[in-house]
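Input: a single structure, listed below in C-alpha cells.
Residue numbers (the numbering used here), protein chains in the order written: chain A, 1 to 389; chain B, 1001 to 1307.
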C-alpha cells in the first residue's frame, strides 16, 4: 500500500466534509430513528414513507419557514434494527455526527425509552410518534411524543371489554423483555382489578422476545377459565398467538393494543384474526377530512392503507415544523437552536393532527381520544368506537 | 389430567424441531469434531427454500400442470427442500470448513458463526426484512379428544420427525456409508488411511444434517407460519444444547434429548410462572449435564462410540 497515494485522497475527502458542513448550515436536518430491519420492519417502512411524503411537501413549498427565512429540509434516516442498543447508537450518531436539529423516533417504547435518555443528556429535542410507555418522556424536557399513553390505553381497554362483553375474568399474555407490552400488561391488569376485584386477572402469562411457541402459556390460560385474552404484542407475534390459541381450543375473544395496527397483522394472521378488537390511534376505514386525504395519497403512492404509525409520524413531523416556525428564526448555532426548538415544542398547547386533536401536558404528552378497531370479516380495520379521556 | 396430556402434546411438537436440528449438530460434531454453529441458520435457509418450492408447486397445481392433492404437495415440498438444502450444507462445508480442516478447532468454530451471519444477512439482502408467511399447504383441523386439543399439523410434525430420525438411525447403523461415518467418528486419523475419503464423508454428513434441518424448517413453518431471517439463531443454540445432552455420537441420544428439551421447556412454563421458563428449564439442563457430563448416551472419548 502506497501511503503517499492516500494523501490526496484524504485531502479530497476532508474537503468534501468541509463543503458538506458549510452547506448544511443552510438546511435543517431532521433525524429519523426507525426500525427498517429487525422484528418490525413494516413499522419502519410506514414511518419512512410518511416522512418522505412530508419532505416532498415542505421542500416543494420552498422549505420550512423559521423567522423570515425559508430553509430546505434534509432527512437523515438511521435504522435502529428494532433493538434498544442500536436505537441508542443511532440517536448518538444523529446528534453528534449528523448534527441534526430534531430527532423523530424511535417508534416502539423498547427503543424510545433508552434513546430518549440520550436525547435528554445531549440536549437535543426528540419526538416519538408511536411510543406509549410513560417512561419515554418522564422527567425529560427535551423528549416529546404524539400518541396517547399506556396508563390511558390500559383502562380504555379494560372498560371497553367490561362494557361490551360484561366479562369479569381476563387473561393476559405479554413479552416480559420489551418495555411496551410489559408496561401495558401491568396497566391493564391494574385497571381490570380495580373494576372486578383482586384475582380477576385469572392468568398473567409471559414469554420472551423471539419466542414462537406459546402453547404452554395458552394451555394455562385456557384452563384458567378466562373469558377474554388481552395480548399487547406486535404484529409478528399476534399472528402466532392468535393462531395457536384457536388450535388449542381457546374460543374466547382476543383483544389487542395499538401495536396491532399494522398492515401486516391480518396478512400474517389470516382469518383467525377476524373479529378481534384492538385500541388504536385512528381507524383508516371511514376516515374524513385531512386524515382521509393523507390515507388516499399514501395508498396511491405505496399501494396499501397506511398504519397508525405512518399517520403519527406525519403528525410528529408537523409538530416539529410548528415548533421550528415558532422559534422565530435559527441562529446557526446548533446547540442554541436545539434548545430553542425544544422550548417552542413545549410551548405548543393544542394541535390538530390527522390522528385527532391533542392538548399537551407539561410533561410533553398529548391528551387525545383512542379508537377501538374491529378487524372485519374481510380483514379490514373497522372503526368500532371512540373513547375519549 | 387433561392439562398434563395437552402439554404432553405441546411438548411432542416442540421437541420434534429440537430433535431434528440436534441430529445434524450431533453428527457433524461426532464425525468431524466440529461445532457447526451455522446449523441453526441452515434450518432457516431450509424453511425459506421450502417457501419457494411450495409457491412453485402451488402455482403449478393451480395452472393444472400438476394435478396433486395438498398432502402430496406437502411431501414434495419437504423432499425438494431437503435435497436443495443438502446442497447448501455441502457448499458450506466446501467453502467454510474444508479449507480449515487442519486449522485449530477454534478457527473452525468461528467459521460457523461467520457463515451463520452471512446466511442471515444474505437472506436479509435478498428478500428484505419483511416477514414471510408460509403458504398454508394443508388446512389446519382441530380435533378434541377428552379435553385435549390436537391438530392435524401437530400429528404430521411428530410423525414425520420420528420417521426421519428412525431413517437416520437405520442409515448410520445398516449401510456401508453409515459404517464409514461411524468409523470416522471412532478414529479420525486411522480411518482415512484405510481408504475412506474424509472429504466424501464430511460432505455426506453435512448433506444429511442439512436435509434434516430443512425438514425441521418446513415442519416448523407449518405450525408457526411467520418466517424471518433470524429465526434460526435461538433454535440453533437450544438444539445444540440438546445435541450435547444426548451425548456425542448417538443418533438416538440426540433425538431423545431434543424431545426431552421440549418437555422441560413446556412443563417448566406449566408448573412455574412462565416468566421463569427458560431460567428454570436451562438450570435443569445444567444439572443433568453436571450429573452426566457426557450426556445420556455419550461415553468418554476413549470408549467406543455408538453412532
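Every residue gets a Cβ at the ideal spot worked out from N, C-alpha and C, and that includes glycine. Predicted model, so just to flag it, every value in this text is computed and none were measured.
Handout entry: Short CB-CB distance (under 9 Å) between residue 19 (chain A) and chain B
Key = Residue placement at residue 19 (chain A) is poorly supported in this model, since its pLDDT is 49, which falls under 50; the coordinates still yield a value, given next. No, no contact with chain B.
Problem - chain B residues whose Cβ lies nearer than 7 Å to that of residue 239 (chain A) - result: Listed along chain B, the residues sitting closer than 7 Å to residue 239 (chain A) by beta-carbon distance are 1226.
Problem - Start-to-end residues for the beta strand (DSSP E) that takes in residue 173 (chain A) - result: It spans 170-175 - the beta strand (DSSP E) in which residue 173 (chain A) sits, taken as one unbroken run.
Practice task
Spell out the partners DSSP gives residue 367 (chain A) in its beta bridges.
Solution key: As DSSP reads the structure, residue 367 (chain A) sits in a beta bridge with A:359.
Practice task
Could you check what DSSP says for residue 300 (chain A) in three-state terms: helix, strand or coil?
Solution key: Residue state for residue 300 (chain A) is assigned as helix, using DSSP reduced to three classes.
Exercise for the section: Can you tell me which of the three DSSP states residue 223 (chain A) falls into? Expected result: Residue 223 (chain A) sits in a helix when the DSSP states are folded into three classes.
Exercise for the section: Measure the CB-CB distance between residue 29 (chain A) and residue 85 (chain A) and report whether it falls below 9 Å. Expected result: At the C-beta level, residue 29 (chain A) and residue 85 (chain A) stay beyond 9 Å of one another.
Handout entry: Sequence ranges, beta strand (DSSP E) only - wholly within the stretch 322-355 of chain A, length at least 3
Key = If you keep only unbroken beta strand (DSSP E) runs of at least 3 residues inside the stretch 322-355 of chain A, you get 350-353.
Problem - Alpha-carbon to alpha-carbon, residue 341 (chain A) and residue 177 (chain A) - result: Those two C-alpha atoms are separated by around 34 Å.
Handout entry: Test item: CB-CB of residue 205 (chain A) and residue 172 (chain A) under 9 Å
Key = In contact: residue 205 (chain A) and residue 172 (chain A) (Cβ atoms closer than 9 Å).
Exercise for the section: Compute the Euclidean distance between the alpha carbons of residue 387 (chain A) and residue 1228 (chain B), then round it to the nearest angstrom. Expected result: Going by the C-alpha atoms only, they are around 36 Å apart.
Exercise for the section: Could you run through the stretch 50-74 of chain A and flag, in chain order, every residue whose CB is less than 7 Å away from some CB of chain B? Expected result: Residues of the stretch 50-74 of chain A that bring their beta carbon within less than 7 Å of a beta carbon in chain B are absent altogether.
Practice task
Starting from the C-beta of residue 103 (chain A), find all residues in its chain whose C-beta is less than 7 Å away, skip the five residues before and the five after it, and write them out in chain order.
Solution key: If you ignore the 5 residues before and after residue 103 (chain A), its C-beta comes within less than 7 Å of the C-beta of 31, 33, 91, 94, 119, 124, 126, all in its own chain and listed in chain order.
Problem - Beta carbon proximity, residue 1048 (chain B) to chain A, threshold 9 Å - result: False, the Cβ-Cβ gap to chain A never drops below 9 Å.
Handout entry: Nearest candidate by alpha-carbon position, reference residue 1126 (chain B), set B:1199, B:1048, B:1149
Key = When each option's Cα is compared against that of residue 1126 (chain B), the closest is B:1048.
Handout entry: Below-9 Å beta-carbon distance, residue 369 (chain A) vs any chain B residue
Key = Using a Cβ-Cβ cut-off of 9 Å, residue 369 (chain A) does not count as an interface residue toward chain B, since no Cβ of chain B sits closer than that to its own.
Problem - C-alpha gap between residue 186 (chain A) and residue 180 (chain A), whole angstroms - result: Each residue's alpha carbon lies about 10 Å from the other.
Problem - Which listed residue (B:1076, B:1210, B:1155) has its alpha carbon closest to that of residue 1143 (chain B) - result: Residue B:1155 is the option with its Cα nearest to residue 1143 (chain B).
Handout entry: DSSP three-state assignment for residue 384 (chain A), whether helix, strand or coil
Key = Reduced to three states, the DSSP call for residue 384 (chain A) is strand.
Practice task
Using a threshold of 9 Å, state whether the C-beta atoms of residue 268 (chain A) and residue 1133 (chain B) are closer than that.
Solution key: A contact, by the Cβ cut-off of 9 Å.
Practice task
Inspect the CB distances between the stretch 50-70 of chain A and the stretch 1107-1115 of chain B and report whether three or more fall short of 8 Å.
Solution key: Fewer than three beta-carbon pairs drawn from the stretch 50-70 of chain A and the stretch 1107-1115 of chain B are found closer than 8 Å, and the two stretches are therefore not classed as touching.
Problem - Whole-Å CB distance - residue 391 (chain A) paired with residue 280 (chain A), under 8 Å assumed - result: This structure cannot speak to residue 391 (chain A), because chain A is shown only from 1 to 389.
Problem - Residue from A:248, A:307, A:225, A:75 with nearest C-alpha to residue 264 (chain A) - result: It is A:307 whose Cα lies nearest to the Cα of residue 264 (chain A).
Handout entry: residue 210 (chain A): contacting residues in chain B (beta-carbon distance under 7 Å)
Key = Ordered by position in chain B, the residues that pass the 7 Å Cβ test against residue 210 (chain A) are 1234.
Handout entry: Pair within 9 Å by beta-carbon distance, residue 1277 (chain B) and residue 216 (chain A)
Key = In this structure, the beta-carbon distance from residue 1277 (chain B) to residue 216 (chain A) falls below 9 Å.
Exercise for the section: Starting from the Cα of residue 1081 (chain B), find the closest Cα among B:1212, B:1246, B:1294 and give me that residue. Expected result: Considering only alpha carbons, the answer is B:1212.
Exercise for the section: Would you kindly check if the distance between the Cβ of residue 1162 (chain B) and the Cβ of residue 1026 (chain B) is under 9 Å? Expected result: Inclusion of residue 1026 (chain B) and residue 1162 (chain B) in the CB contact set at 9 Å is not warranted, their separation being larger than that value.
Problem - Minimum C-alpha distance to residue 1257 (chain B) - residue among B:1250, B:1150, B:1184, B:1246 - result: Sorting B:1250, B:1150, B:1184, B:1246 by C-alpha distance to the C-alpha of residue 1257 (chain B) places B:1246 at the top.
Handout entry: Extent of the continuous alpha helix (DSSP H) to which residue 1263 (chain B) belongs
Key = That run of the alpha helix (DSSP H) goes 1251-1271.
Exercise for the section: For the stretch 233-245 of chain A and the stretch 1251-1266 of chain B, state whether three or more C-beta atom pairs, one from each stretch, are separated by less than 8 Å. Expected result: As far as the Cβ criterion goes, the stretch 233-245 of chain A does not touch the stretch 1251-1266 of chain B, which means the pair count is below three.
Exercise for the section: Starting from the Cα of residue 79 (chain A), find the closest Cα among A:43, A:70, A:71, A:53 and give me that residue. Expected result: Closest option to residue 79 (chain A), Cα to Cα, is A:43.
Practice task
Give the range of the alpha helix (DSSP H) segment to which residue 248 (chain A) is assigned.
Solution key: Residue 248 (chain A): not part of any alpha helix (DSSP H); DSSP gives it neither H nor E.
Handout entry: Endpoints, alpha helix (DSSP H) assigned at residue 1095 (chain B)
Key = No alpha helix (DSSP H) holds residue 1095 (chain B); DSSP gives it neither H nor E.
Exercise for the section: With DSSP as the reference, please indicate the residues paired to residue 65 (chain A) in a beta bridge. Expected result: Per DSSP, A:70.
Practice task
Would you kindly work out how many angstroms separate the C-alpha atoms of residue 1074 (chain B) and residue 1059 (chain B), rounded to a whole number?
Solution key: For residue 1074 (chain B) and residue 1059 (chain B), the gap between their C-alpha atoms comes out near 14 Å.
Exercise for the section: With distances taken Cα to Cα, identify the nearest neighbour of residue 1177 (chain B) among B:1196, B:1291, B:1035. Expected result: Between residue 1177 (chain B) and the set B:1196, B:1291, B:1035, the nearest pair of CA atoms involves B:1196.
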